[in-house]
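Trainee: Have a look at this one before I ask anything.
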Amino acid sequence: MGGERQITETQPPVSATEAEVRKALDRIADGFIIFDRDWRIVYINRVGEQYFERPRQELVGRVIFESVPVTADSEVQKVLRKVVESGEPTEFEMWAPAMRRWVTFRVFPDAEGLSVSFHDITDKKEIADQLRASEARHRAMFEHALDGVLHTSPTGEIFAANPAACRMLGRTEEEICALGRAGILDVTDPRLPIAIEERRRTGHVRAELRCLRKDGSSFPAEIASAIYLDAEGHERTSMTIRDLSERKRAEDRLQLIADAGAVLGSSLDSRATLASLTELVVPRMADHCTVDLLEAGELRRVAATRDGPAREAALVSVAQDVARTGEARLVAREDTSAVVVPIVGRAGPLGVLSLLVDAPRGYEAGDLVTARAIADRAALAMDNARLHEQTAAAMRLRDEVMGIVSHDLRNPLSAILIAVRLLGRKVVASELGSIERSTKYALSLISDLLTVAALEAGKLPIDKSPESVRAIVEEAVALQRPLADER
Numbered sequence: 001m002g003g004e005r006q007i008t009e010t011q012p013p014v015s016a017t018e019a020e021v022r023k024a025l026d027r028i029a030d031g032f033i034i035f036d037r038d039w040r041i042v043y044i045n046r047v048g049e050q051y052f053e054r055p056r057q058e059l060v061g062r063v064i065f066e067s068v069p070v071t072a073d074s075e076v077q078k079v080l081r082k083v084v085e086s087g088e089p090t091e092f093e094m095w096a097p098a099m100r101r102w103v104t105f106r107v108f109p110d111a112e113g114l115s116v117s118f119h120d121i122t123d124k125k126e127i128a129d130q131l132r133a134s135e136a137r138h139r140a141m142f143e144h145a146l147d148g149v150l151h152t153s154p155t156g157e158i159f160a161a162n163p164a165a166c167r168m169l170g171r172t173e174e175e176i177c178a179l180g181r182a183g184i185l186d187v188t189d190p191r192l193p194i195a196i197e198e199r200r201r202t203g204h205v206r207a208e209l210r211c212l213r214k215d216g217s218s219f220p221a222e223i224a225s226a227i228y229l230d231a232e233g234h235e236r237t238s239m240t241i242r243d244l245s246e247r248k249r250a251e252d253r254l255q256l257i258a259d260a261g262a263v264l265g266s267s268l269d270s271r272a273t274l275a276s277l278t279e280l281v282v283p284r285m286a287d288h289c290t291v292d293l294l295e296a297g298e299l300r301r302v303a304a305t306r307d308g309p310a311r312e313a314a315l316v317s318v319a320q321d322v323a324r325t326g327e328a329r330l331v332a333r334e335d336t337s338a339v340v341v342p343i344v345g346r347a348g349p350l351g352v353l354s355l356l357v358d359a360p361r362g363y364e365a366g367d368l369v370t371a372r373a374i375a376d377r378a379a380l381a382m383d384n385a386r387l388h389e390q391t392a393a394a395m396r397l398r399d400e401v402m403g404i405v406s407h408d409l410r411n412p413l414s415a416i417l418i419a420v421r422l423l424g425r426k427v428v429a430s431e432l433g434s435i436e437r438s439t440k441y442a443l444s445l446i447s448d449l450l451t452v453a454a455l456e457a458g459k460l461p462i463d464k465s466p467e468s469v470r471a472i473v474e475e476a477v478a479l480q481r482p483l484a485d486e487r
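Going by our numbering, the sequence shown opens with residue 1, and the numbers climb by one from there.
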């Protein structure tokens, strides 16, 4: 340390001008160091002392790489040596190990050594890094978002479009920006001016509008847009596009299933309802629809929207295979796409429902679900129709049997009644009255059975006549008296 003091104390005195300069350097916010040709520190200002966390008395006159060993073989040292060799002033940013900070260095070489000013940029760099990270996150969200995202202006200009928007609209980002809002939204949609006005009034809007693709087709989309100010204070808008095609398609399919159920349940004539079903499905889900039912183990066409095209013949084997295995099939050919599903009732396979579109890839797996649901409702309607036919047949048979039985019973009962009355003229016996009443009661029961049949047929035969309550009660007592007497 004595040697260090000797070096410091023997430094040549400075002039008044130099002293003023050094005072000025002590007042600046940057660190400042002057080195001689041997890398000894000739001068270091107050900020420099703070960075090194050592007083200048311990640094002035010492070789920097010896007094601050962490600087030896550092990247800063390598750059400083290159500057000395080149003799050209330079500026660079680097992590300074001696200061444990990010620093901007400005180096000025001369014949006596070099002067270095440095400024701590650690906080600034951390903020910049955070901004870059934030920008990277937002860029990643912009680039990889599933919804279309546009940077726009309130007047309709488009400045940027993410890949999802390009895919939805079938255009490049340059084409979208060149077209502007009027080129990607259906300007004839009456909902568009209402949405623009709401955004102007409230600062944001969410609406369902129609977007236009490059090929001229359109699709329903949920548009969300908000107004904001950019870094320069300019009014800008954001716009997100969510394709509602799949959701709308799903809603349409659910409605189709509900409508199919209503049509199939509107009548017990299954052939008529199946014909109505084919008309309902076209064109909402198919260009052509057929229903083939199994009769004696063979498929027979019972309903179709029109005569099948020639290419439908290639699907006959598919329909037969579906009827045999009970497994639905999705078929894609060069000019036709088809969904073929089995119609399976309570007792087993009933037939096949086939849907066709004039497109090679018109159907996908989700359409199988819809077709199966329609086929299930067709099967239920057919089962109900068959049950109704069976019930009606059973009721007809019952009525026939009841007619025969009532006719065959009435004749002997009437004969018994006549015989009792004739016998009553010759013999006086209380039992004859009981026989007569029982015979009349049996005839009444037969009449009641016929009345029930008439009621089920929608008729209500009624014969009105005054009756004595006392007589009715006495008749009931008389009918039961023989059984009571026996016990």
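Backbone N, C-alpha and C define an ideal beta-carbon position, used for all residues, glycine too.
How many angstroms separate the CA atom of Val341 from the CA atom of Arg329?
Mentor: C-alpha separation (whole angstroms): 6 angstroms.
Trainee: Below 8 angstroms, can you find three or more Cβ-Cβ pairs linking the region 368-383 to the region 259-274?
Mentor: Enough Cβ pairs lie closer than 8 angstroms, so yes.
Trainee: Compare the Cα-Cα distances from Val291 to each of Ile184, Ala250, Ile343 and report the closest residue.
Mentor: Per the Cα distances, Ile343.
Trainee: Under the rule that 16 or more other beta-carbon atoms within 10 Å means buried, what is Ser245, buried or exposed?
Mentor: Its Cβ having fewer than 16 others within 10 Å, Ser245 is exposed.
Trainee: By Cβ distance below 6 angstroms, which residues in the same chain neighbour Arg346 in space, the five residues on each side in sequence not counted?
Mentor: Cβ within range, chain order: Asp383.
Trainee: Report the three-state DSSP secondary structure of Val187 (helix, strand or coil).
Mentor: Here Val187 sits in coil by DSSP.
Trainee: Under the three-state reduction of DSSP, which class applies to Gly87: helix, strand or coil?
Mentor: It is coil, neither helix nor strand.
Trainee: Just the Cα atoms here: how many angstroms apart are Asp307 and Glu334?
Mentor: With a pLDDT of 49 at Asp307, under the threshold of 50, the modelled position of this residue cannot be trusted; read the value that follows with caution. Taking the straight line from one Cα to the other gives about 20 angstroms.
Trainee: Have a look at Thr237 and Ala165 and give me their C-alpha separation to the nearest angstrom.
Mentor: Rounded to whole angstroms, Thr237 to Ala165 spans 16 angstroms at the Cα level.
Trainee: Using DSSP's beta-bridge definition, name the partner residues of Glu364.
Mentor: Looking at the DSSP assignment, Glu364 forms no beta bridge with any residue, so it has no partner.
Trainee: With DSSP collapsed to three states, give me the class of Glu467.
Mentor: DSSP places Glu467 in coil when its eight states are reduced to three.
Trainee: Can you give me the C-alpha to C-alpha distance between Phe67 and Glu143, rounded to a whole angstrom?
Mentor: Sequence check: residue 67 is Ser here, not Phe. Cα to Cα, Ser67 sits roughly 52 angstroms from Glu143.
Trainee: Grab the span of the beta strand (DSSP E) containing Thr290 for me, first residue to last.
Mentor: Start and end: 288-295.
Trainee: On the DSSP letters alone, give me the boundaries of the beta strand (DSSP E) that Pro283 sits inside.
Mentor: Run containing Pro283: none in the beta strand (DSSP E); it sits in the alpha helix (DSSP H), 270-284.
Trainee: Just the C-alpha distance for Arg249 and Asp448, rounded to the nearest angstrom, thanks.
Mentor: Straight-line Cα distance between these residues: approximately 58 angstroms.
Trainee: In terms of alpha-carbon separation, which member of Val281, Arg171, Ser354 lies closest to Ser300?
Mentor: One point to set straight first is that residue 300 is Arg, not Ser, in the sequence displayed. Considering only alpha carbons, the answer is Ser354.
Trainee: Kindly provide the ranges of any alpha helix (DSSP H) runs that are 4 or more residues long and lie completely inside the region 29-66, ordered along the chain.
Mentor: The region 29-66 contains these whole alpha helix (DSSP H) runs: 46-52.
Trainee: Relative to the C-alpha of Leu336, which residue among Val352, Tyr363, Gly183 is closest?
Mentor: The sequence shown places Thr at residue 336, not Leu. Ranking Val352, Tyr363, Gly183 by Cα distance to Thr336 puts Tyr363 first.
Trainee: I need the DSSP call for Glu486, collapsed to helix, strand or coil.
Mentor: In this structure, Glu486 counts as helix in the three-state DSSP scheme.
Trainee: In terms of residues, what are the limits of the beta strand (DSSP E) holding Thr488?
Mentor: The structure shown does not extend to residue 488, since the chain spans only 1 to 487, so no value can be given for it.
Trainee: Going by C-alpha to C-alpha distance, which of Asp189, Ala304, Ile44 sits closest to Arg56?
Mentor: Of the listed residues, the one whose Cα sits closest to Arg56 is Ile44.
Trainee: Provide the residue span of the beta strand (DSSP E) that contains Pro97, from first to last.
Mentor: Segment: none, Pro97 is in no beta strand (DSSP E) and carries neither H nor E.
Trainee: Among Glu18, Trp95, Thr305, Glu91, which residue has its Cα nearest to the Cα of Val70?
Mentor: Answer by Cα proximity: Trp95.
Trainee: At what residues does the beta strand (DSSP E) containing Val340 begin and finish?
Mentor: Unbroken beta strand (DSSP E) run through Val340: 337-345.
Trainee: Skipping 5 residues on each side, what residues in its chain have a beta carbon closer than 8 angstroms to that of Ile489?
Mentor: Because residue 489 is not part of the residues shown, which for the chain are 1 to 487, the question remains open.
Trainee: What residue does the beta strand (DSSP E) around Arg236 start on, and which one ends it?
Mentor: Here the beta strand (DSSP E) through Arg236 covers 235-243.
Trainee: Would you call the CB atoms of Arg37 and Glu112 closer than 8 angstroms?
Mentor: Yes; because the gap between Cβ atoms is below 8 angstroms, this pair is in contact.
Trainee: Compare the C-alpha of Thr90 against each of Ala98, Met99, Leu80, Pro97 and name the closest.
Mentor: Selected option, being the one with the closest Cα: Leu80.
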